[in-house]
Amino acid sequence: MTLRIGLLTSGGDCQALNATMRGIVKTLINKSSEPVEIYGFEDGYQGMIYRRYRKMDAHDFSGILTRGGTILGTSRTPFKRIDTPEADGVEKVPAMKQTYHDLNLDCLFMLGGNGSTKTANRLSQEGLNVIALPKTIDNDTWGTEMTFGFTSAVEIATKCIDDIHTTASSHGRVFVIEIMGHKVGWIPLYAGVAGGADVILIPEIPYSMDNVIKTIEKRMETGSRFTIIAVAEGAISKEDAALSKKEYKKKVAARTSPSIVYDIAKEIESKTGRETRVAIPGHTQRGGIPDAQDRIFATQCGVEAALGCLEGEFGFMVAQRDRHMCRVPLEDVAGKLKYVDPESDLVREAKALGISFGDE
Ligand code: F6P
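Numbering (full-length UniProt numbering), first residue to last: 1 to 360.
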């Protein structure tokens with residue numbers, strides 16, 4: 001008998017995908033009583049749909065612990081269009097099932113974020129043995145305290161805030177730094193605290209520009225020449241948060257600036273008279289090598305996923321709860337986001353320190 005497994009990385013990449021796959025493969029090879037056959041699908045679910053895969057062995061996973069990106073390639077296959085055929089008429093779910101069965105796989109390991117986990121759940125409901133691993137710099141995967149990619153992204157965003165400090169203080173400027181996180185504020189919250197930002201704006205805590213401006217003016221009155229504002233790409237004003245989803249979408253679509261940070265910077269400059277600049281680390285937050293914490297967590301995820309497979313348990317996502325590794329049913333995770341709790345310790349402590357979230 002041979003254990004035949006498939007591997008794919010789906011959605012936006014991150015620094016610790018290779019470290020995770022190394023953890024899976026090393027554990028399977030080390031612990032399995034049967035020979036292990038590995039199929040790596042290229043570019044996420046696309047590789048499964050179009051049978052783009054390569055047979056891999058232990059050597060392919062050696063020396064990749066520190067390598068960012070993904071050796072398999074990745075792509076986005078939006079779940080909302082999972083039942084819409086591809087442009088060439090190929091039906092995604094039946095094609096993936098066919099590939100899985102033709103390769104006679106015993107398990108598919110899927111490294112992905114929220115959308116990708118919904119597809120993994122669907123495949124599991126269709127009868128495939130699927131194990132998901134929580135990848136995303138955003139840390140917004142429900143059911144786990146941590147996702148791999150998050151701490152490395154926080155490092156990079158923090159470094160950006162650190163670097164901006166020196167130039168902001170030389171010029172006495174206000175800097176508005178856009179930080180990734182899609183619809184949640186985990187990276188800006190953590191990087192903002194780690195980098196000593198003066199204001200942190202996150203989607204979970206709608207802000208008012210009056211409060212932001214008051215903070216800047218107070219800093220100027222007390223002799224601080226500069227202000228650093230860490231803004232989540234999904235930050236939202238109280239005014240916009242009061243709109244219906246439809247009205248808000250319409251407003252965003254009508255925006256002439258590239259993103260919210262430009263509007264915030266413009267308003268600050270016009271209302272305070274202070275020179276204001278925008279800084280955007282962008283995709284550097286997903287780039288480079290995984291930090292030490294990410295390497296450890298990614299390895300843990302890989303090991304636990306492999307152990308689950310060897311025990312014959314499927315249909316779950318590896319997760320961390322109360323600092324322990326565990327398995328969460330895929331159906332419980334799919335379709336849910338993990339938001340920052342505005343009453344959480346870190347927000348409370350940041351506020352106590354004098355960091356403004358623009359809400360008061
Ligand atoms: O989910 C990771 C993430 O980097 C988000 O923080 C960001 O909103 C999005 O992906 C960017 O996506 P893309 O790489 O497609 O531009």
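We treat Cβ as the ideally placed atom computed from N, Cα and C, and that holds for glycine.
| task | Would you check if the distance between the CB atom of residue 109 and the CB atom of residue 169 is smaller than 7 Å? | result | In this structure, residue 109 lies away from residue 169, with their beta-carbon atoms at least 7 Å apart.
| query | Relative to the C-alpha of residue 318, which residue among 242, 105, 147 and 238 is closest? | reply | Out of 242, 105, 147 and 238, 147 has the C-alpha closest to the C-alpha of residue 318.
| query | Taking C-beta to C-beta, are residue 188 and residue 230 nearer than 7 Å? | reply | It is a contact, given that the beta carbons lie within the stated cut-off.
| Which residue from 32, 31 and 10 puts its Cα closest to that of residue 69? | The shortest Cα separation from residue 69 among 32, 31 and 10 belongs to 10.
| field | Closest residue to residue 365 among 50, 150, 44 and 33 (Cα-Cα distance) | value | Absent from the model: residue 365. The displayed extent of the chain is 1 to 360, so no value can be given.
| request: Go through its chain and collect everything with a Cβ distance to residue 53's Cβ below 8 Å, but skip five positions before and after it. | output: The residues are 6, 39, 40, 41, 42, 47, 99 and 103.
| said: Please state the DSSP three-state secondary structure of residue 283. | reply: For residue 283, the secondary structure class from DSSP, reduced to helix, strand or coil, is helix.
| Taking the alpha helix (DSSP H) that residue 336 falls in, what are its first and last residues? | The continuous stretches of alpha helix (DSSP H) do not include residue 336, and DSSP gives it neither H nor E.
| query | Would the beta-carbon of residue 158 be found less than 6 Å away from any heavy atom of the ligand F6P? | reply | Taking 6 Å as the cut-off, the C-beta of residue 158 does not count as close to any heavy atom of the ligand F6P.
| request: Please go through the region 214-242 and give each complete alpha helix (DSSP H) segment of 4 or more residues, from N-terminal end onward. | output: DSSP runs (the alpha helix (DSSP H)) wholly in the region 214-242: 238-241.
| Quick one: Cα of residue 91 to Cα of residue 279, how far? | Cα-Cα distance, rounded: 42 Å.
| said: Buried or exposed, going by whether 16 or more other CB atoms sit within 10 Å of the CB of residue 199? | reply: Buried, by the Cβ-count rule.
| Exposure label - residue 345; buried when at least 16 CB within 10 Å | Residue 345 counts as exposed, since fewer than 16 other C-beta atoms from the protein chains shown sit within 10 angstroms of its C-beta.
| request: Report whether the distance from the Cβ of residue 181 to the nearest heavy atom of the ligand F6P is below 6 Å. | output: Distance from the C-beta of residue 181 to the nearest heavy atom of the ligand F6P is below 6 Å.
| message | Based on DSSP bridge pairs, tell me the residues matched to residue 135. | response | Residue pairing by DSSP puts residue 135 in a beta bridge opposite 148.
| task | Locate the beta strand (DSSP E) running through residue 37, then write down its first and last residues. | result | Residue 37 -> beta strand (DSSP E) spans 36-41.
| request: Kindly confirm or deny that the region 23-30 and the region 298-315 touch, where touching means at least three C-beta pairs closer than 8 Å. | output: Output reads yes: the region 298-315 touches the region 23-30.
| Any heavy atom of the ligand F6P within a distance shorter than 6 Å of the CB on residue 308? | Residue 308: no, Cβ never under 6 Å from the ligand F6P.
| query | With respect to 6 Å, is the separation between the Cβ of residue 138 and the closest non-hydrogen atom of the ligand F6P below this value? | reply | When distances are taken from the beta-carbon of residue 138 to the heavy atoms of the ligand F6P, the shortest one is below 6 Å.
| said: Using the Cβ count rule (16 or more neighbours within 10 Å means buried), how would you classify residue 30? | reply: Flag for residue 30 reads exposed.
| field | Exposure label - residue 361; buried when at least 16 CB within 10 Å | value | Given that the chain is displayed from residue 1 to residue 360, the structure contains no residue 361 and the question cannot be resolved.
| said: On the criterion of 16 or more Cβ atoms from any shown chain inside 10 Å, does residue 252 qualify as buried, or is it exposed? | reply: Within a 10 Å sphere around the beta-carbon of residue 252 sit fewer than 16 other beta-carbons, which makes this residue exposed.
| request: Could you have a look at residue 302 and say whether DSSP puts it in helix, strand or coil? | output: Three-state DSSP puts residue 302 in a helix.
| field | Alpha carbon of residue 117 to alpha carbon of residue 164, nearest angstrom | value | When rounded, the distance between both Cα atoms is 36 Å.
| Other residues of its chain near residue 212: CB distance less than 8 Å, five sequence neighbours each side excluded | If we look at residue 212 and ignore the five residues flanking it on each side, its Cβ neighbours are 199, 201, 229, 264, 268, 356 and 358.
| Which residues bound the beta strand (DSSP E) around residue 321? | Taken as a continuous stretch (DSSP letters only), the beta strand (DSSP E) holding residue 321 covers 316-321.
| query | Under 6 Å from any heavy atom of the ligand F6P, does the C-beta of residue 44 make it? | reply | For residue 44, the CB stays at least 6 Å from every heavy atom of the ligand F6P.
| For residue 83, which residues of its own chain have a beta-carbon under 6 Å away from its beta-carbon, when the five flanking residues on both sides are left out? | Here the set comprises nothing.
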